[in-house]
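Engineer: Residue numbers (this note's numbering): 1 to 431.
Glycine included, each C-beta is placed from N, C-alpha and C at the ideal position.
Have a look at this one before I ask anything.
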C-alpha cells in the first residue's frame, strides 16, 4: 500500500469558455475522501473499527520519518492502536499546569518561612492567620476551593463524579491506579474537610474573579499566565500538565483506506506539519488579504472571510501565534510538553464506548444527587456521610458494574485492568 518514496503530482489546469480555471489533473472522484481530520479519540477508534484508515508506520519509518522530528513522541505513541499508527495528531501544547501562589508580603508580615508553604495543607495555618489578623478585608485568605492534585473524575465531560481516580504527580503511562468510589479516596476526603472548614470560617473568596489580592491560591494555565504574579507571590508547581486522550486527539489527520494516492496524501500531511508557509496559508489565509503580522510576529485578522481552528490545520508550532496569544506561546507550550505527566489511561482504548455510554449517563445522574447532598451535609456529619455514601454506592448496580474490574467487560475499570495486566503488569516469577 505504501512505498519508501513519495511522488510529486504535477497539477494540470484548463480554462472554460468563461476563462474560469478548472482542475484537469489530478481529478478527485465525486465521493473520494483521501484525508480525514479527526477531532476525538472516540472518532479515531470508530474509523479504525470500520477499517476506514490506512496504516502509516511504513511511511513513518521511511519517506515520512521527518515527521518524527516535528511531532512530540507522546502524540505518535498515543496514536498507536494494537501497535499500528493510523493517524498523525497535530503537535500542540497539552494540558495545563496548576500553580500554588503564596503572597510574599503576607508571608513576611506573619513571619512564615516561604520554603515550607508549598502545599495547601502546609498553608493551612497561614490561611487561618490571614483570616484572623488581616485588617484589609479586600484580601481573600484563599482564592477558591481547591481539589487535591491529580483528581480524575469518570464523567464524559470530566466533571465531579462518584467514580474517580487519584493520579499522583509522579505517575506515568504504566502506573497502576484505581478506578473506584470517590469516597474511598482518602486524599479527597481529607481535602474536602479542610476546604469545608475554610468555607465555614469565611476564608474562601465568594467570587474569585473579583479578587485582586489573596493570601493563597491555585491558578491553572502555563508560565505565561503566572508571569504577572511573580513579583508579589511565591510560585510553586501544584500539578504538572497531564497528557490525555482528549487533548492529544483534539486534532489529528489520517489517510483513507480507499485513497487514490496514498503517497500524495502523505505529502500533504508532511507539509502541514513541517512547512510554515503552507501551514499559515491553511490557518490564516492570504497575508495582506485575511491577516497581517504585528511587530511581535503574531497574526492579526483583517478580514472575517476565513476562519480556522488552530488544532484542525496541522502542527501548531508551524503557525504564527494569533494576536490574542503571548508572542512566546510556542516556547511555553514546548516546555509544557517536556514537563508532561502521562495519564495512566493515555494509551488505553475504549474506556468510553457504545456499550457503557448509557451507564456513564446514569453515573452523571447518581453523582449529581450525591454532590448536592455532600454540599449540604453539616460539617460535623461529613465523616458519617462519607461512610454512608460508600455503603449506598456499594449497593448500587450501575456503580458496581462500572467500577468492577471483573464483573463487566465494558466497564472502564475492567478495560483498564485488562489493558494494564496485558501491557505493564510484572511477570510472575518462575518457580
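#1: List in chain order: all unbroken beta strand (DSSP E) runs of 3+ residues lying wholly within the region 339–388.
#2: Is it true that the region 358–373 meets the region 155–172, where meeting means three or more beta-carbon pairs spaced less than 8 Å apart?
#3: Could you pull the DSSP bridge partners for residue 301 from this structure?
#4: Would you call the CB atoms of residue 403 and residue 179 closer than 8 Å?
#5: Decide if residue 283 is buried, meaning its Cβ has at least 16 other Cβ atoms within 10 Å, or exposed.
#6: Is residue 152 helix, strand or coil when you go by DSSP?
#7: Output the distance between the C-alpha atoms of residue 236 and residue 99, rounded to the nearest integer angstrom.
#8: Report all residues from its chain with a CB closer than 7 Å to the CB of residue 259; omit the five preceding and five following residues, and keep chain order.
#9: Below 8 Å between beta carbons: does that hold for residue 41 and residue 355?
#10: Assign residue 417 to one of two classes, buried (16 or more other C-beta atoms within 10 Å of its C-beta) or exposed (fewer than that).
#11: Under 7 Å: does the beta carbon of residue 370 sit that close to some heavy atom of the ligand GTP?
#12: Can you name, in chain order, every residue of its own chain whose Cβ lies under 8 Å from the Cβ of residue 247, other than the five neighbours on each side?
#13: Would you mind stating whether residue 270 and residue 64 have Cβ atoms separated by less than 8 Å?
#14: In whole angstroms, what is the alpha-carbon distance linking residue 136 and residue 109?
#15: Just to check my reading of the structure: residue 70 and residue 280 have Cβ atoms closer than 8 Å, yes? What is that Cβ distance to the nearest angstrom?
#16: Does residue 373 pass the burial test, meaning 16 or more other C-beta atoms within 10 Å, or should it be called exposed?
#17: Applying the criterion that 16 or more other CB atoms from any shown protein chain within 10 Å of the CB defines a buried residue, is residue 341 buried or exposed?
#18: Leaving out five residues on either side along the sequence, give the residues of the same chain with a beta carbon under 6 Å from the beta carbon of residue 213.
#19: Would residue 127 and residue 215 qualify as a contact pair, given that the criterion is a beta-carbon distance under 8 Å?
#20: Please classify residue 336 as buried or exposed, where buried requires at least 16 other C-beta atoms within 10 Å of its C-beta.
#21: Over what stretch of residues does the alpha helix (DSSP H) that includes residue 422 continue unbroken?
#22: Only counting the same chain, and skipping five residues up and downstream in sequence, which positions put a Cβ closer than 6 Å to that of residue 519?
#23: I'd like to confirm the pairing. Which residues does DSSP put opposite residue 102 in its beta bridges?
#24: What separation, rounded to the nearest whole angstrom, lies between the Cα atoms of residue 117 and residue 397?
#25: Tell me, please, whether the region 305–314 touches the region 328–335 by the rule of three or more beta-carbon pairs shorter than 8 Å.
#26: Quick one: using the 10 Å Cβ neighbour count with 16 as the cut-off for buried, is residue 338 buried or exposed?
#27: What are the residues that DSSP puts in a beta bridge with residue 163?
#28: Do you know offhand how far residue 430's Cα is from residue 184's?
#29: Just to confirm before moving on: does the CB-CB distance between residue 211 and residue 101 stay below 8 Å?
#30: Which of the three DSSP states, helix, strand or coil, is assigned to residue 269?
#31: Under three-state DSSP, which class holds residue 143?
#32: For residue 189, which residues in the same chain have their Cβ closer than 6 Å to its Cβ, ignoring the five residues on either side in sequence?
#33: So residue 46 is in the alpha helix (DSSP H); what residue range does that whole segment cover?
#34: In three-state DSSP terms, what is residue 81?
#35: Check residue 221 in the structure and name its three-state DSSP category.
#36: Using a beta-carbon distance below 8 Å, is residue 267 in contact with chain D?
Structural biologist: In short, the structure shows the following:
#1: none
#2: yes
#3: 291
#4: yes
#5: The residue in question, residue 283, is buried, as its Cβ has 16 or more Cβ neighbours within 10 Å.
#6: strand
#7: C-alpha separation (whole angstroms): 6 Å.
#8: 34, 54 and 265
#9: no
#10: buried
#11: Of the ligands one can find in the structure shown there are none, so the ligand GTP has no counterpart to examine.
#12: 94 and 95
#13: Yes, Cβ-Cβ distance for residue 270 and residue 64 is below 8 Å.
#14: C-alpha separation (whole angstroms): 13 Å.
#15: 15 Å between Cβ atoms; not a contact.
#16: exposed
#17: buried
#18: 139
#19: yes
#20: buried
#21: Where residue 422 is concerned, the enclosing alpha helix (DSSP H) stretches over 412–423.
#22: Here the chain covers residues 1 to 431 and nothing more, so residue 519 does not appear.
#23: 216 and 234
#24: Straight across, the Cα-Cα distance linking residue 117 with residue 397 is about 43 Å.
#25: no
#26: exposed
#27: 181
#28: Its pLDDT being 49, under 50, residue 430 is placed unreliably in this model, and the value from its coordinates should be taken loosely. If you take the alpha carbons of residue 430 and residue 184, they lie about 35 Å apart.
#29: no
#30: helix
#31: coil
#32: 386
#33: 41–49
#34: strand
#35: Residue state, collapsed to three classes: strand.
#36: Among the chains in the structure shown there is no chain D, since it carries only a single protein chain.
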